[in-house]
Structures are given as structure tokens and as C-alpha cells.
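In what follows, a structure is listed as C-alpha cells, so that the remarks can point back to it.
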Amino acid sequence: MQFFWFGAILLCAALLPVFLAENWCRRHKVKKIFPVPRGMGWLQRTAVWLLCHLPDTISCSRWLTGCSEDIVGKLYPGMKKEKFIRQHVIRKMMVGYGGMLAILAFMMIYGLLNQTPELSGNTLQRDDAGGKSRDVQVSAEIEGVTEEKSLTITVEPRKYSRSEREALMRDVKAYIDACLQGDNSDLQHVNRPLFFPSDFPGENVTIEWQPEDYNLIRQDGSLGELSAYQLPIKTKVTAVIIYDQEKEFYSKEICLTAPEKSDEEVLDEQIREAVQAADQGSSEKLTLHLPDSVGGRAVEWKYQKQSQAGTILFIVFLFLAGCIWYQDNNLKKRLEERNEQLLYAYPGFVHRMILMLGAGMTVRRSWNRLLDDNERLDSGHLEEDWLYREMKYTRIQMESGVPEIQAYLEFGQRMELQQYKKFSQLLIQYIKRGSKGMQALMQQEAAEAEKQRRDLAKQLGETAGTKLLMPMMLLLIIVLLIVMVPAFLSM
1 MQFFWFGAIL LCAALLPVFL AENWCRRHKV KKIFPVPRGM GWLQRTAVWL
51 LCHLPDTISC SRWLTGCSED IVGKLYPGMK KEKFIRQHVI RKMMVGYGGM
101 LAILAFMMIY GLLNQTPELS GNTLQRDDAG GKSRDVQVSA EIEGVTEEKS
151 LTITVEPRKY SRSEREALMR DVKAYIDACL QGDNSDLQHV NRPLFFPSDF
201 PGENVTIEWQ PEDYNLIRQD GSLGELSAYQ LPIKTKVTAV IIYDQEKEFY
251 SKEICLTAPE KSDEEVLDEQ IREAVQAADQ GSSEKLTLHL PDSVGGRAVE
301 WKYQKQSQAG TILFIVFLFL AGCIWYQDNN LKKRLEERNE QLLYAYPGFV
351 HRMILMLGAG MTVRRSWNRL LDDNERLDSG HLEEDWLYRE MKYTRIQMES
401 GVPEIQAYLE FGQRMELQQY KKFSQLLIQY IKRGSKGMQA LMQQEAAEAE
451 KQRRDLAKQL GETAGTKLLM PMMLLLIIVL LIVMVPAFLS M
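Heads up: the sequence shown begins at 1 in UniProt numbering, then just goes up one per residue.
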């Protein structure tokens, strides 16, 4: 019970920010930061309130912002970093706060469902007769012994007195008399399965059954194969009533009779016979005309539809789980793909820029010419080209009035790859100093880019070989099975 009250108090305290956030957001007219499922707006408002009232050292800490500061500039060029980080932090706080409320609610429910009796002095409370036994963990402090002794005591429910036990047996026998016949009219006209109860509801009473002839009546009360017997036939069943390791036998006479068909069984048989007759009458035709009436009743035939609702719900659940997993891993996966694509595109980018600079073109003109060539030659896949997107954003910056040197510097910073940072610095030096003394540095960078291209190709080849290792092993196992199985079978 203490666990329940502990969880309840913490849950009430944790829900206090919800009410404070409602008033605060209404007073400050806070709008939705991003769309959320219907009914979850209170969780977003609470996360916004918590974020606004947390100290800056916590709200701006790395463990709360995560990798959002590094990713926003790479995946979303031009998007305000503060806006993306704010949305990312609010999402994390929604998950954390919602999970905390769920944990506290679980603690409260768990404490309510797992209440243990209080130990008053040296007395343990038993369940009343008919209750269940329970294991209680206690500790004993013994005088003169420093260490507490822990043990588990099984507390059995109260047992009936002799008079109460006799009354209980009468109730059990009356219960057997009432339910034994099952769907039969009485025990002298039994043609349907009997009902064998295994216990007496509300009491610690077990009932075992012993039919006189297991060929006539089985252990579960169902009837055996009666076609080999001359009906009616008399037999009996015995109920073994067990309470507190004491047994009492109670026998009942049974008369088995020929089974009587119900109206539904008769109708089913008429339908089968009518369909069978229609099938035999049209066996030489291409069509089977089902009977229009059965037993004097009109019949309308329809295809029976099989519901696939359960399968559809299961597929939808898997789809939703996959969407949630994709949502969590999409940012990092796209970042990895971006970095791989940029590394692969770097040698070609450097060679083309150096080629145009060597032809006497300025850095800005070479930059624009490279973009125009990409748009003309590969216009269908430019939205998937991260290098093109970054270069295009840099050109937009320069056209908007950003100084050329600053635009190239920010280009290298957004890339965050050492190769692009180094080349952006070379471009800045080229603008400041001109081509004098820069040709050698450019040629050296081109040579390094060519070496990186060969290393990257080698690495991609090794990766592809590793991926092919498992299929090759499977093929080897299949070949070994094809060779060895016939050899073992022929031995």
C-alpha cells in the first residue's frame, strides 16, 4: 500500500506542470510549435512550459539538444538553427515527460494491485474460508542476534469447522445435481455431453470424476462411440469431492439414450442432402444450380466472406511501428548518406574547379559555371545531389549580398568534412592573393583528391565483398548438402 501512495503522490506532483502550463500558454497565447496527434496538445504545451522555465545551463546542454545542432545545417541549409533545435528539444521533452507520467501511473496501479497485509505485532491476517493461500515475506529480529532473519511464510486460508464442512458438502452436491446434466433434459435421458465441474465456485474445493465405463462416458464428460451399444443403457459417474486433503464420493445414475437431433441439426442435414441431390442431378453440366428451397423454406444463396480484419490490423500495427522507427533513425541515416555522397563527389568537384581556374576564370564564375553544367547535364537528380544543393545555396547567398569570401567560408563550415573545409580555404586564398603561388597548392590538392578517390573505391569494393560473404556461405552450404545428403542416404 505504501508503494501505491508513493506513486500517487508523485503522479499528482508530476501533473502539476500540466495545469500550470495550460494557464501560462493561454496567458501568453502560445501556438502549436509543430503538429501533434489529436488529444496530445497538452503534452506539447507542458513541454514548452518546462523548456521556458528551465535554467539555460540545462535547456542548452548537449544531453538535451543532442546532435540537432550539427544536423540542421547539413540536412536543412538555410533553416534557422534555433527553430530546429527548439522543435527537437520539445519532442524529446514530450517523450521524457510522457514516459515519466506513464511510469508513475504504473507504480500507482502496481501498488494497488499488489497490496500486502499489514503485520500487526506478531499476528498475520488469514483469508476467510474459500480464499487463497499467499506467501508473505517477513523478517525476524531476535534478541542477542545482530542480523535479521528473513523468511517466507505461506499463510493458508481459514479452514471450515466440522459443521461448516458438512454444510459445504451439501452445497457442493446440490451444485453437482444442478449442472451435471448439461444440455440434457435430465439424467435419465442423456444423449449429449455431460458437464463435469472441476471445482466449486468461491471455495477451495476440487472435484474429480470417475465414470464407470470410459467407453461410454469419457473423462471430460463427452459421450463415447455409442453406435456399438444397444440403447438405452444405464451407467453411473462418481464425483470425488476433495477439500483439505479429505475425499468424499458422490455417485449419480445415468441412462444413455439415442441422440435426438435438434431443429438446427435437422435443417443442416436437409441442406446437405438438397445440395448433394442438386450436384448429382447436374454432374454432366457446366453449372451447378443450388436448390431454391429446403424443407419447404425459400433459400437465398450468397458467397461467404472471410474477414481479414485481424490480419489488416496486424499489418497496420507493423507499419506504424516501422514508421516510428524510421522517424527516429531518419536524421542520422540521411546524414551518413550525405557524407558518403560528398566524399564520393569531392575528387570530381576539385578537378573541375581547378580546370576552370587554370583556364583563367574567376572563382565565382567557375562556381556558377559548375552549377550551370550540373543543371544542364543532370537536371533530373539534382534534388538528391547534396553537393549541388550546398553550392546552389552558396550562390544564392552571394546573389543576396553576402560577401564572396564569407559565402565560401560558410560553405566549408556547413560541409564539416575536412576536405571541403581545406578547399574552401584555398578558394579564399585564391581570391585574396590571385593565382600567383596558388597553382602548386591547387595541383597538390588535386593529387590528394585523386588518392582519396582510389582509397574510397577500394573501401567500397571491400564493403561490397563483405556483403557478398553471407550469400556465398549459403551457396556453399547448399552445395555441401546436395553432395553429402545422397552419400549419407546411400550408406
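Each residue gets a CB set at the ideal place from its N, CA and C atoms; glycine is no exception.
To which residues of the same chain is residue 184 closer than 6 Å at the C-beta, ignoring the five residues directly before and after it?
Here the set comprises 190, 192.
Please go through the region 137 to 174 and give each complete beta strand (DSSP E) segment of 3 or more residues, from N-terminal end onward.
For the region 137 to 174, whole beta strand (DSSP E) runs of length 3 or above, ordered along the chain, are 149 to 155.
Is the region 334 to 347 touching the region 452 to 461, taking contact as three or more C-beta pairs under 8 Å?
These segments touch.
Can you tell me whether DSSP reads residue 393 as helix, strand or coil?
In the structure shown, residue 393 sits in a helix (DSSP, three-state: H, G or I).
Starting from residue 251, trace the alpha helix (DSSP H) in both directions and tell me its first and last residue.
Per DSSP, residue 251 belongs to no alpha helix (DSSP H); it is in the beta strand (DSSP E), 246 to 256.
Pick helix, strand or coil for residue 214, following the three-state DSSP scheme.
Coil at residue 214, not helix or strand.
So what does residue 223 bridge to, in DSSP terms?
DSSP output for residue 223 lists 217 as bridge partner(s).
Secondary structure at residue 298, three-state DSSP: helix, strand or coil?
Looking at residue 298 - three-state DSSP - the assignment turns out to be strand.
Please say whether residue 166 and residue 129 have beta carbons closer to each other than 9 Å?
No, the Cβ-Cβ distance between residue 129 and residue 166 is not below 9 Å.
What three-state label does DSSP hand residue 199 in the structure shown?
It is a strand residue.
Under 8 Å: do the region 198 to 207 and the region 267 to 286 share three or more Cβ pairs, one atom per stretch?
Because the criterion of three Cβ pairs below 8 Å is not met, the region 198 to 207 and the region 267 to 286 do not touch.
So what's residue 207 in DSSP terms, helix, strand or just coil?
Three-state DSSP puts residue 207 in a strand.
At 4 residues or longer, and completely inside the UniProt domain "Type II secretion system protein GspF" (349 to 486): list those alpha helix (DSSP H) runs for me, N to C.
The qualifying runs are 363 to 377, 386 to 399, 404 to 415, 418 to 433.
To the nearest whole angstrom, what separates the beta carbons of residue 14 and residue 108, a pair I think is in contact under 8 Å?
Actually they are not in contact, since the Cβ atoms of residue 14 and residue 108 sit about 11 Å apart, beyond 8 Å.
Going by DSSP in three states, residue 229 sits in which element: helix, strand or coil?
Three-state DSSP puts residue 229 in coil, outside helix and strand.
Could you check the C-alpha separation between residue 135 and residue 127 for me, to the nearest Å?
So the two alpha carbons sit approximately 12 Å from each other.
Nearest to residue 175 by CA position, among 156, 195, 188, is which residue?
The residue with the shortest Cα to Cα distance from residue 175 is 195.
From the DSSP output, in three-state form, read off residue 236 for me.
Strand, per DSSP.
Specify whether the region 213 to 233 and the region 149 to 161 touch according to this definition: at least 3 beta carbon pairs, one from each stretch, less than 8 Å apart.
The region 213 to 233, when compared against the region 149 to 161, does not touch it at the 8 Å Cβ threshold.
What does DSSP give as the partner residues of residue 190 in its beta bridges?
Its beta-bridge partners are 256.
Between residue 426 and residue 376, what straight-line distance do the alpha-carbon atoms span, to the nearest angstrom?
Spanning the two alpha carbons is a distance of roughly 27 Å.
Give me, in chain order, the residues of the same chain whose beta-carbon lies closer than 8 Å to that of residue 361; leave out the 5 immediate sequence neighbours on both sides.
369.
Return helix, strand or coil for residue 242, following the three-state DSSP convention.
Note: residue 242 maps to strand in three-state DSSP.
Output needed for residue 47: all residues of its chain with C-beta closer than 7 Å, excluding positions within five of it in sequence on either side, in chain order.
If we look at residue 47 and ignore the five residues flanking it on each side, its Cβ neighbours are 90, 93, 94, 97.
How big is the Cα-Cα spacing for residue 268 and residue 280?
About 18 Å.
If you follow the alpha helix (DSSP H) that residue 123 is in, where does it begin and where does it stop?
Where residue 123 is concerned, there is no enclosing alpha helix (DSSP H), given that its DSSP letter is neither H nor E.
Grab the span of the alpha helix (DSSP H) containing residue 263 for me, first residue to last.
Counting along the chain, the alpha helix (DSSP H) containing residue 263 begins and ends at 263 to 281.
With DSSP as the reference, label residue 177 as helix, strand or coil.
Residue 177: helix per DSSP, three-state reduction.
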